[in-house]
Amino acid sequence: MPRKIKIKIDELKSELGVIKNLELNIGRIIEDWEEPEGQYSMPKVYELRDWDFKLLKRYKPMYMPFCDLCCLCTYGKCDLSRDKRGACGIDMSGQQSRIVLLACCIGVATHTSHARTLVEALIDKYGRNAPIDLGGEVYVEAPNTRLICGIKPKTLGDLEDALDYIETELTYMLASTHTGQEGSNLDLESKVFHVGMLDHLALEIADIAQIATLNFPKADPEAPLVEIGMGSIDISKPVILVIGHNVLPSTSIIDYMEENGLYSDVEVCGLCCSAHDITRYSPKKAKIVGPMSWELRFIRTGVPDVIVIDEQCIRTDIALEASRYNMIVISTSEQNIQGFPDMTREHPDVIVEKLVNREIPGAYIHDPDLVGEVAVKVAMKVYPLRKKYKKLPSVEEVIAYATKCRECQECDKACPHSLPIMNAIVAAKNGDLSLLADLYENCVACTRCEKACPVDMPILTMIVKASDRRIKSEKYKIRVGRGAIQDTEIREVGSPIVLGEIPGVVAFVGCPNYAQGGKEVVIMAEEFAKRRYIVVTSGCAAMTLGMYKNNDNKTLYEIYPGVFDAGGIVNVGSCVANSHISGAAIKIASVFAKRKLRGNYKEIADYIHNRVGAVGIAWGAMSQKAASIAAGFWRLGVPVIVGPHGSKYRRMLMGRKENEEDWYVYDARTGEKVYVGPVPEHLFYTAETMEEAMVVAAKLCMRANDTTKGRAVKLTNYIDLHKRFYGTLPDDLPLFVRVEADIPITMKDEIIAFLKEKGWKEKAIPDPTLLEEMVRKK
Amino acid sequence: MPRKIKIKIDELKSELGVIKNLELNIGRIIEDWEEPEGQYSMPKVYELRDWDFKLLKRYKPMYMPFCDLCCLCTYGKCDLSRDKRGACGIDMSGQQSRIVLLACCIGVATHTSHARTLVEALIDKYGRNAPIDLGGEVYVEAPNTRLICGIKPKTLGDLEDALDYIETELTYMLASTHTGQEGSNLDLESKVFHVGMLDHLALEIADIAQIATLNFPKADPEAPLVEIGMGSIDISKPVILVIGHNVLPSTSIIDYMEENGLYSDVEVCGLCCSAHDITRYSPKKAKIVGPMSWELRFIRTGVPDVIVIDEQCIRTDIALEASRYNMIVISTSEQNIQGFPDMTREHPDVIVEKLVNREIPGAYIHDPDLVGEVAVKVAMKVYPLRKKYKKLPSVEEVIAYATKCRECQECDKACPHSLPIMNAIVAAKNGDLSLLADLYENCVACTRCEKACPVDMPILTMIVKASDRRIKSEKYKIRVGRGAIQDTEIREVGSPIVLGEIPGVVAFVGCPNYAQGGKEVVIMAEEFAKRRYIVVTSGCAAMTLGMYKNNDNKTLYEIYPGVFDAGGIVNVGSCVANSHISGAAIKIASVFAKRKLRGNYKEIADYIHNRVGAVGIAWGAMSQKAASIAAGFWRLGVPVIVGPHGSKYRRMLMGRKENEEDWYVYDARTGEKVYVGPVPEHLFYTAETMEEAMVVAAKLCMRANDTTKGRAVKLTNYIDLHKRFYGTLPDDLPLFVRVEADIPITMKDEIIAFLKEKGWKEKAIPDPTLLEEMVRKK
Amino acid sequence: MKGAEPWQTAEIPGPIKAFVISEPARISSILKSARRPLFIIGNRIDKKALEQGIISLIVDIAGAIDADIAVYGGIYRDFKATNYDKVRLVPSMEVIDRVKDENWKGFDGKGRYDVIIFLGFPYYYEWLMLSGLKHYGDRKTRTLSLDPYYQPNATISMINMDIDKWMEVIKEIRSNLLGGE
Amino acid sequence: MKGAEPWQTAEIPGPIKAFVISEPARISSILKSARRPLFIIGNRIDKKALEQGIISLIVDIAGAIDADIAVYGGIYRDFKATNYDKVRLVPSMEVIDRVKDENWKGFDGKGRYDVIIFLGFPYYYEWLMLSGLKHYGDRKTRTLSLDPYYQPNATISMINMDIDKWMEVIKEIRSNLLGGE
Ligand code: SF4
Ligand code: SF4
Ligand code: SF4
Ligand code: SF4
Ligand code: SF4
Ligand code: SF4
Ligand code: SF4
Ligand code: SF4
């Protein structure tokens, strides 16, 4: 695919006639980027397929089918159980991989259309030539883009070529899921990886476009702390709640308030990534309610006056929920119109009037600049009426509801977390609301229980009411998303990470579908920060980290610094900021290790896989986007751990530590094949408990390239955690100790004895690579 | 989205430096297309949404959920039964529409990546400036492109802008299916329509690119007749079988043979659309085996020596099936690599050797030009060995297999068509193979029966063996795909169609998942041709029409002319040629009626919906592509009927003839709202039987604009078919008779009596439109 | 219960599944208790059953409970030939679209149907129509599949059985409702 | 059978479903007949059951049939504390990945497991692990869910029952195998 660069020409005469005021897109130009182009600029899937297959040989798909059937075409449904095949010939493995690919395609489509919307709107506003400046110390501004596309984006306009590339490739990948297309489960998995790679590109484009133009913190380790939690919302003012991922409608609310001197008259708060990004835009004004699972909780309190939704991870029944409380909903994204009439071309005051008078069920406004005025005006008009509308029920009302319970247990059976709802209702019937309150922590506020209840018990509302004191005290601090990692930071930590002296980079990312509440994430993050790992975080997980306080009444963000260094807790930002996490790994290879970046995916991925001890923990991963984000890490060779619900992604990528032949690398110095042990052992892994996740994460941070000192540090953490939870040395320890110097000094005797017993032998430490072409000799 | 036009400049000096040999993409230029631009060039979904909602008000989604659950994210599975909602808030209607949207996205992705592959490869070969010439009488070369994109493509290069637009829009639409996005089922349906519109654009681009460059018939009503059927394959030669939709690897086979004087040494035959297109390329040399359902039948005969697969509708277990018979498979599309090693960079002779020696399980070759040489050489080498490999079993072997039957009926329960397999096996056990032979007609050769059988009975092979005489006699003629409809043809039929004198255009399209065999399609097509409808056809359906002979030993193609006129049977070509069917409808509005085309979707669709009596019958529609093709017709207001399996598309778009308020239009002359009756009554409809389909199709050809003479002709056919099957006048007749002159003269008395009894009253005949803006007055 | 698995292996139903009743007596009493019954009949009735006169059995049963019979396609003529006066010529898609509409008052305008009896469709097609009614129909409307298969999306379904057994069942229902052989 | 519906409403299984056995005696004999049994135990055993000593019951049962017990996470310490010598510390994903591999010879290298007993996982998580084994496991390997739920993807499953009832069942299995109370 030819890359394009745009220049402006005022007048040009050509055989086609006189052309004025044109922008010219030039197919190819010798750019002022001194780096020579790699082999794989804007690669097709078959160009990187051999790398994918190397990974898939180590990490074989382990399928746990979520359905025995396929229902994708009219030959079906087809029974694929065991060794059967569908009418089209596909088998269960192919089908599971195909569904993973489909999910990842949905994920990357979501991020790409988000990025496209942002880039187009920001070009409209700031011009195609608005510079991509992500902060003084960020020289490699777009590591994913440089790596994957072979271009170095200087202006907003440059980002469009990368978007074109993603859309074309996505189309190919989605086509592969059609009935009667790709039949090889491994090729389908390679396509999953391809889509994942595209996803990080889309993420990066979206985030750098908004950072560059919207005055977000620019790679600032000391990005400001802002308020988070329902208790921090000032309910004495009109409240506008923004939900979603596209920040533009939200910025227009802030802008309108500012321009009209209403800065302190209206409370603006957000959920999900729009909340992240609106606080990056306006840390002084905007507040965060919480992650996705707070959406219905907050609505059920009756507080928001106006809800502005944009795109992604928004309850699809928002109109219904809002209408119960007479809240007014404005939809702003073409991806999520909600059936509302398109009011974009009406005068703002007309829209306000129609909304306030309930002449329309909601309004769809696809011009973000118009949203601010309408939302603010409506909020101020309807706020005085808020008291009239239904709020939380009284304790007596809760008890009255509870008495209707038939004790049928349908609620328990509908709850995705199998919470003991019926017992709590029964207790409430007897006046004890404490069991309802106990549900709060682990409930994701999905209301499946309510929908299943034959007497329409408003279970979530009752839980919220029973927890009202807790809710009022939900008042915490979170550091706003800082964006990229500075090149200078990378230079400082590059060596300790690659040598293994910083034991690892642990990223807490993704959605809040936690099997046992968000507190587990906080415990894990603090554990790793204390152990001087670099902890990075983004999206809903980053919010979760801000929603628990320690004994000193402080959140992690108030205790740990935001710097990308050992012991930091680094909130990069919203979901799209995950690209800075992959970006940091890429920059370690390029900025620190000076590997060539441009169009050089295989070498960089090989570098990261063998040298950068990073692991992602998506403890509550829920969505298709989460799948595609994970897939992007997989292709870079970075392992991802999910919580129990993550098993529903249908297939893990599991290494087998005992299969010796899987764990050989080339020694780049000699070309010899050298056994390096199972490092990292898995690429995609479901942990049943947080204890398991911590031990496995520590283990997955080991890399073939660790120096003895680094390996010793990593082993110290692995062994230490293992001992803490299990009281023993890990059984597989011999696989990870290559030479005596790897052994942590403090436990030397014990370990040596253990190794002897297991018949351990010393192994070589090569300059590791999976790529034959990286061997320097020959 | 800015459109781009490319020019070449040899040297340009600018502030960026000296640029040589560049192609310049110019943002905007005053094109030499005199037609002023309409409002909706490259429209976003929200720009055409009000049109969609008009259709959706008439034709409401009627859901028949194919599953009670949703399993798309890790909150799930969610029970959506009855009025429940998922954890994300979606309800059953939203979910069903979302799955339809997802299917259509897969469909359009498939066509778009196919088009992209073609356009890129053809540009490589013939240059960006290769002209789009579709035949002397085709002036409106790209009706869909002009209508939707507002561009008039003159060269191959111009097509890329339209592809960019599709990919961007597809990405938005796919994003809408993400968890927590679009919550309105109607907005999801509007997005289905949007995707459908994009699909016809993709189809058109693919077909015009190949017609323009590959010397296909150019809108030729007398396109040549070629051979179709297994019996027409010369098995005494090496046989190369091509399967799929992308013709380029196939053309390279023909080219190689020609260039190397091997023209008559190798037999080249095809399945699915690659077969259509290779016979368009080389009607003298290539033959057609049959539609998709012939794939395993043909393989099970043991005949093909080499199988070259490209993309779409190819059995995903092709490698497995081929390996049983030692056939050699070459995969050529990145969408369907099949796990084979990438041999593209090897020397052809090396590939040949490795394939022939079975050193590799198959080869992936993504350079189509390389495929021809390899395929031909391999075929010639392995052909002499063919006899050694397993062929069809003998009768005795069939009986021996049958004796293993446990009579468990698992085969019957697995068969998507509930064929009486067990009984046939039991009969075979007793030496009677006739019941097995009876299965042939209705069997789609999916082998679900075999996979379900506990004793691994090779049921399909046994059916094929039992039918071997029939198979040898499968030797028919089909007219190759002619491509577009000429502007001159449109001018001639425009008036009789719009006035209703040609009773309708009936299109037989889509896949071969027929509930009761392909013969029904032939019967229906002949019925309509005899009644002097214009019968058009494409894809697998067009092949089916060629696979039955009448008493004179002739197929329909040998009896009816290929002209787009009353009584013609017009094979436009492969699936991508469906764009010429929508294109013909669009051209009636533009070429005949002189409505503005450029970026003027709503007016044209309104015109077609109210004036062009066209209906599609996709009797065996199976795929996601079939869904997106149908959706493209829906947005143009053209109804589509599917066979029983089509019910698995999960939702119909049903009108309610008795709801008077649904059937009003504006009279464009006066602005008055006028009742016009339920014309057409449904937009998407499953017919249980072919009799039903014929009656309903005749009815769905009525349009609000019919003149009395035209309506009389249409009613004649409707009543006549109804009487033939049911012996009575149709009950709803009063709704379709507006004035006495509408009544067919031959049945006048009977009908007038009937109408009186029903209390019929005369109605007005307006100049119909659903668009307020089309009212000329005011 | 044996036979209470979907006849087509893969047509797995959701959480709401048919109540299985195969005893002719119980089916008869369900039919008898219907206030406004409607038969919807398809064109894929087993050939053997047709030869053995199932159509007149169905018409007898319908007559005994004063049911409408909705039918379309080739088989209509067979029903018409019985001269049963409540045979309605209407395509299956159109009738189920109306049946689920609470404002539809039946072919005679006298009120909603309370028991809808299905028979004679391709298995998957009936499965889907019943699915539509399961999710979108009025809860008070019950659907009953009289086919020789377990149809999980009906409110009440028979089990999978062979044609001979099925004919016996249908005959017994007829005689329960009408008396005589 | 009552109680033989998926405990989580929507976790509908495919055509192949567990054989339901809830009688302690029959389960005991299945366990007794196992040549190489393996328990895989999760961290979500009901609190009440834990308080009532279910762990020692499980260990007794395992001991009676000489079974390995695979366990990981916090509950490992409880099992370790019983001093049963065949407690294996291994994460659930890793053990099921190996169990389905025909070349894996068990923790002691002595051969494949023939009966795999699951207990104590989140319902959906066990559902999925069992699904993996259902489709990819050796046909000769049988899986048995001992949880108080119907687990359709097991080869053999109990029905949904309350904790008290479950404790009785487990106790009875124990006494069937070991004698005594
Ligand atoms: S895509 Fe294949 S497995 Fe799925 S329903 Fe269609 S034929 Fe069956
Ligand atoms: S709202 Fe909470 S308690 Fe109810 S089903 Fe969802 S997670 Fe369970
Ligand atoms: S579903 Fe409703 S009625 Fe049944 S136990 Fe739960 S709260 Fe009570
Ligand atoms: S794949 Fe999902 S939607 Fe399809 S049948 Fe299975 S559970 Fe239902
Ligand atoms: S997308 Fe919605 S309905 Fe589907 S599984 Fe997820 S939460 Fe449930
Ligand atoms: S191969 Fe034919 S007989 Fe066998 S299941 Fe498919 S359609 Fe039925
Ligand atoms: S599935 Fe096999 S054994 Fe069973 S009846 Fe059919 S052919 Fe016979
Ligand atoms: S008509 Fe259908 S089956 Fe045939 S090639 Fe096209 S999509 Fe495939």
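Residue numbers (my numbering), protein chains in the order written: chain A, 1 to 778; chain B, 779 to 1556; chain C, 1557 to 1737; chain D, 1738 to 1918.
The beta-carbon is built from N, C-alpha and C at its ideal position, and this holds for glycine as well.
At the C-beta level, residue 624 of chain A and residue 956 of chain B come within 7 angstroms of one another.
The beta carbons of residue 895 of chain B and residue 944 of chain B sit no closer together than 7 angstroms.
Put simply, the CB of residue 1580 of chain C is far from chain B, with every gap to its CB atoms at 7 angstroms or more. Residue pairing by DSSP places residue 70 of chain A opposite A:78 in a beta bridge.
In the same chain as residue 948 of chain B, and ignoring 5 residues on each side of it, the C-beta atoms closer than 8 angstroms to its own belong to 883, 886, 887, 890, 973 and 976, in chain order. Cβ neighbours of residue 1651 of chain C within its own chain (closer than 7 angstroms, five residues either side excluded): 1596 and 1626.
Within chain B, the C-beta atoms nearer than 8 angstroms to that of residue 1653 of chain C come from 840, 1430, 1432 and 1434, in chain order. Under the three-state reduction of DSSP, residue 1318 of chain B is assigned to helix. For residue 1726 of chain C, the closest of C:1580, C:1559, C:1674 and C:1621 by C-alpha to C-alpha distance is C:1580. The three-state secondary structure of residue 1220 of chain B, taken from DSSP, is coil. Within chain A, the C-beta atoms nearer than 9 angstroms to that of residue 1817 of chain D come from 726, 727 and 728, in chain order. The three-state secondary structure of residue 336 of chain A, taken from DSSP, is strand. The DSSP-derived three-state label of residue 1255 of chain B is strand.
Excluding its 5 nearest sequence neighbours in each direction, residue 1262 of chain B has C-beta neighbours in its own chain below 6 angstroms: 912, 916, 997 and 1358, listed in chain order. At a Cβ-Cβ threshold of 7 angstroms, residue 1677 of chain C and residue 1600 of chain C count as neighbours. Taking residue 1885 of chain D as the centre and dropping the five residues before and after it, the same chain places the C-beta of 1898 and 1903 closer than 6 angstroms to its C-beta, in chain order. Listed along chain D is no residue with a C-beta nearer than 7 angstroms to that of residue 1708 of chain C; the closest approach is about 11 angstroms.
Taking 7 angstroms as the upper bound on Cβ-Cβ separation, chain D lies near residues 1570 and 1571 of the segment 1569-1593 of chain C. Here the alpha carbons of residue 706 of chain A and residue 609 of chain A stand approximately 12 angstroms from one another. Residues are counted here when their Cβ sits less than 7 angstroms from a Cβ of chain B; for the segment 690-716 of chain A the count is zero. Between ligand 3 and residue 1436 of chain B, a heavy atom-to-CB distance of less than 6 angstroms is absent. For residue 173 of chain A, the enclosing alpha helix (DSSP H) starts and ends at 159-175. The beta carbon of residue 1153 of chain B is closer than 7 angstroms to those of 1018, 1031, 1084, 1086 and 1108 in its chain, skipping five residues each way along the sequence. Of the candidates B:1313, B:1509 and B:1150, the residue whose Cα lies closest to the Cα of residue 1026 of chain B is B:1150. The beta-bridge partner set that DSSP reports for residue 1394 of chain B consists of B:1285 and B:1418. Put simply, the CB of residue 78 of chain A is near chain C, with a gap under 7 angstroms to one of its CB atoms. Nearest to residue 273 of chain A by alpha-carbon distance, out of A:265, A:264, A:267 and A:286, is A:286. With a cut-off of 8 angstroms on Cβ pairs, the segment 1741-1757 of chain D is not in contact with the segment 1832-1842 of chain D, counting fewer than three such pairs.
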